[in-house]
Every structure is written in C-alpha cells, then in structure tokens.
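Chemist: The opening position of the sequence shown corresponds to residue 1 in our numbering, with each subsequent residue numbered one higher. Glycine included, C-beta positions come from ideal geometry on N, C-alpha and C.
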Amino acid sequence: MPWERPESVTFPQVWTTFVARDPDSGLNVKYRIEDIREDRFDEVLDLMANVFLKDEVTCVSLDLINDPDFNGRNFWLEILNKKISVICFKEGSDEICGFNLLEVLEKDVEEPEPEFKSKKVQDLLKVMNFVKAKADTYNRHGVDKFLHAMGLLVMPKYRGLGLATEILKARVPLGKALGLQLTGTVFTGIGSQRTAAKAGFIEDYSVLYEDLKNKEPFVDFPNISTPKMKFMSLRLD
Numbered sequence: 001m002p003w004e005r006p007e008s009v010t011f012p013q014v015w016t017t018f019v020a021r022d023p024d025s026g027l028n029v030k031y032r033i034e035d036i037r038e039d040r041f042d043e044v045l046d047l048m049a050n051v052f053l054k055d056e057v058t059c060v061s062l063d064l065i066n067d068p069d070f071n072g073r074n075f076w077l078e079i080l081n082k083k084i085s086v087i088c089f090k091e092g093s094d095e096i097c098g099f100n101l102l103e104v105l106e107k108d109v110e111e112p113e114p115e116f117k118s119k120k121v122q123d124l125l126k127v128m129n130f131v132k133a134k135a136d137t138y139n140r141h142g143v144d145k146f147l148h149a150m151g152l153l154v155m156p157k158y159r160g161l162g163l164a165t166e167i168l169k170a171r172v173p174l175g176k177a178l179g180l181q182l183t184g185t186v187f188t189g190i191g192s193q194r195t196a197a198k199a200g201f202i203e204d205y206s207v208l209y210e211d212l213k214n215k216e217p218f219v220d221f222p223n224i225s226t227p228k229m230k231f232m233s234l235r236l237d
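(1) To the nearest angstrom, how far is the alpha carbon of P156 from that of V186?
(2) Please return the same chain residues whose Cβ sits closer than 7 Å to the Cβ of T195, not counting the five positions on each side in sequence.
(3) I believe K90 touches V154 by the beta-carbon criterion, under 8 Å. Please report the beta-carbon distance rounded to the nearest angstrom.
(4) In terms of alpha-carbon separation, which member of K107, F18, T226, Y209 lies closest to V131?
(5) Is the stretch 196–207 close to the stretch 33–50, with three or more CB pairs under 8 Å?
(6) By a C-beta neighbour count over all protein chains shown, 10 Å radius and 16 as the cutoff for buried, is D69 buried or exposed?
(7) Going by DSSP in three states, R140 sits in which element: helix, strand or coil?
(8) Can you name the residues that DSSP bridges to T17?
(9) Are the Cβ atoms of G189 and L147 separated by less than 7 Å?
(10) Just the C-alpha distance for D220 and R21, rounded to the nearest angstrom, thanks.
(11) In angstroms with no decimal places, state the Cα-to-Cα distance between T16 and I96.
(12) Considering only C-alpha positions, which residue in the set R159, V127, S225 is nearest to D24?
(13) Fully enclosed by the stretch 109–192, which alpha helix (DSSP H) runs are 4 residues long or longer?
(14) Going along the chain, which residues of its own chain have a beta-carbon closer than 8 Å to the beta-carbon of K117, five neighbours each way excluded?
(15) Output yes if chain C places a C-beta closer than 7 Å to the C-beta of I65; else output no.
(16) Which value, in whole angstroms, describes the spacing of the CA atoms of V44 and V109?
(17) What is the rounded straight-line gap between the Cα of L152 and the Cα of K213?
(18) Out of K228, V57, Y31, D46, state which residue places its alpha-carbon closest to the alpha-carbon of D204.
(19) Please list, in chain order, all residues of the same chain as Q13 whose beta carbon is under 8 Å from its beta carbon, the five residues on each side excluded.
(20) Going by the CB atoms, is the gap between D67 and K120 shorter than 7 Å?
(21) Please report how far the alpha carbon of V60 lies from the alpha carbon of F99, in whole angstroms.
(22) Can you round the beta-carbon distance between D144 and E106 to whole angstroms, since I take them to be within the 8 Å contact cut?
(23) Can you check which of these residues, L102, N129, K83, is closest to E111 by C-alpha distance?
(24) Strictly by DSSP, which residues pair up with L234?
(25) Do you know how far the Cα of M150 is from the Cα of L178?
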C-alpha cells in the first residue's frame with residue numbers, strides 16, 4: 001500500500017522558522033517553512049510551469065518550457081496531494097518565497113511510472129531513475145523508505161539570502177515527524193548541490209553529464225550549465 005502521511009501528524013503545521021534579510025527593506029526578518037495548503041496548490045503549479053522550468057538546469061537544457069508535448073501539472077499535483085511538500089513565507093506576508101515538492105519512496109513499493117508524451121521528459125526521468133538506482137539508497141543507508149524531492153524553487157526576488165538551504169534543512173523536523181530516517185534527492189545543478197552541502201547533505205553518487213550522453217543511459221543534455229548530476233542524502237536520526 002502506498003505511503004500516506006500519518007493522521008497523527010497535524011496538517012498543516014509550521015516546521016521551522018529562521019531569520020534572513022528582507023529583499024524589500026534590507027532588514028533581517030523572520031521567515032517560516034510550513035506545509036503547502038491546498039489553497040496554494042494552483043499557485044505552486046503555475047510557478048513550477050513558469051519559473052522552475054525556465055530556471056532548472058536540465059529543464060533549460062532540454063527547453064521543456066517550450067515543449068508542446070509536456071504538461072507537468074498532473075504529475076506535480078500528485079506529489080502535492082501527498083501533503084508533505086513545504087513552502088516558505090516571510091513573516092506577516094502570504095507571498096511565496098520558495099517551496100520544495102516532496103514525496104516518500106519505499107523499497108518494496110514500485111514507483112508509478114508517469115506517462116508523458118514528451119520524449120525529452122521520458123529521457124529526463126530515465127536519467128533520474130538511473131542515478132537513483134546507482135546511489136543504491138536503501139542498501140547504502142539501511143532504510144526501507146526515504147524522503148525524496150521533485151522540485152526545489154526559490155523565487156528570483158528571494159535568491160541569495162540562504163532560503164534554499166533553510167528549505168532543505170526543514171526536511172529534518174518534517175522527516176522525523178513522519179518517522180523517516182533519511183532524505184535523498186537528485187541534485188542537477190551546481191548551485192543546488194552547493195546548497196545541499198551547506199544543509200549537511202553528502203554525495204552518494206555523481207555522474208558527468210558528458211558520460212550520461214556517451215554511456216548508459218545515452219541521454220544528451222545540450223549546453224548544460226553544470227558538469228555533474230549528483231544524488232545527495234542526509235540522515236535525519
């Protein structure tokens with residue numbers, strides 16, 4: 001049976017707060033990271049389609065934002081419906097600063113294969129699955145499930161303030177509350193890889209984009225702006 005958020009874990013709730021600079025005032029202010037409520041789903045989906053696809057390095061390389069065969073909304077909505085994704089707000093504001101789409105993967109539960117018409121997206125998912133398999137997370141860390149992500153976004157206005165690191169760190173209290181021991185994710189760009197390292201993640205597996213083209217799984221990422229794709233993990237216990 002697919003994993004579900006335990007009823008004992010209150011939804012929604014705030015997972016962490018921190019202080020960072022306000023890009024509007026230049027002053028240090030309080031931010032909070034909390035569960036994404038259903039009334040923000042549509043806005044998050046719009047931001048994934050219009051900002052994430054425009055900025056994320058593999059999506060840029062494959063020009064997914066202009067791919068007529070790709071619509072990710074249903075795929076992203078399935079993840080949001082698991083009700084463990086998190087969102088960042090500035091204190092006293094409902095403007096979205098950033099978010100992370102999260103899910104739980106399980107060793108003995110086969111991941112559903114999303115059906116995409118787009119050949120580019122099929123190739124991207126093939127690469128992600130290849131990297132996850134090489135990382136061998138379940139055996140490497142001795143766990144039967146872990147917290148996984150399919151999209152980390154900080155809005156352009158709020159970049160350079162350390163918010164991405166704090167959003168990643170929020171997986172610790174969230175994961176512990178959900179009874180998980182580990183979080184792990186494929187980080188595609190050098191910026192997110194550095195951010196993950198700051199948040200305490202360690203590298204389990206990495207592969208050059210050049211090798212992804214010339215060896216299995218033989219997928220080319222033209223003009224990719226970063227040298228490697230990495231699977232990185234963080235123990236929560």
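Modeler: The answer reads as follows:
(1) 22 Å
(2) A164, T165, L168
(3) That pair is no contact at about 12 Å.
(4) Y209
(5) no
(6) exposed
(7) helix
(8) R32
(9) no
(10) 39 Å
(11) 16 Å
(12) R159
(13) 119–135, 137–141, 163–169, 171–177
(14) D69, F70
(15) Among the chains in the structure shown there is no chain C, since it carries only a single protein chain.
(16) 27 Å
(17) 25 Å
(18) K228
(19) E34, D35
(20) yes
(21) 19 Å
(22) 7 Å
(23) N129
(24) T183
(25) 18 Å
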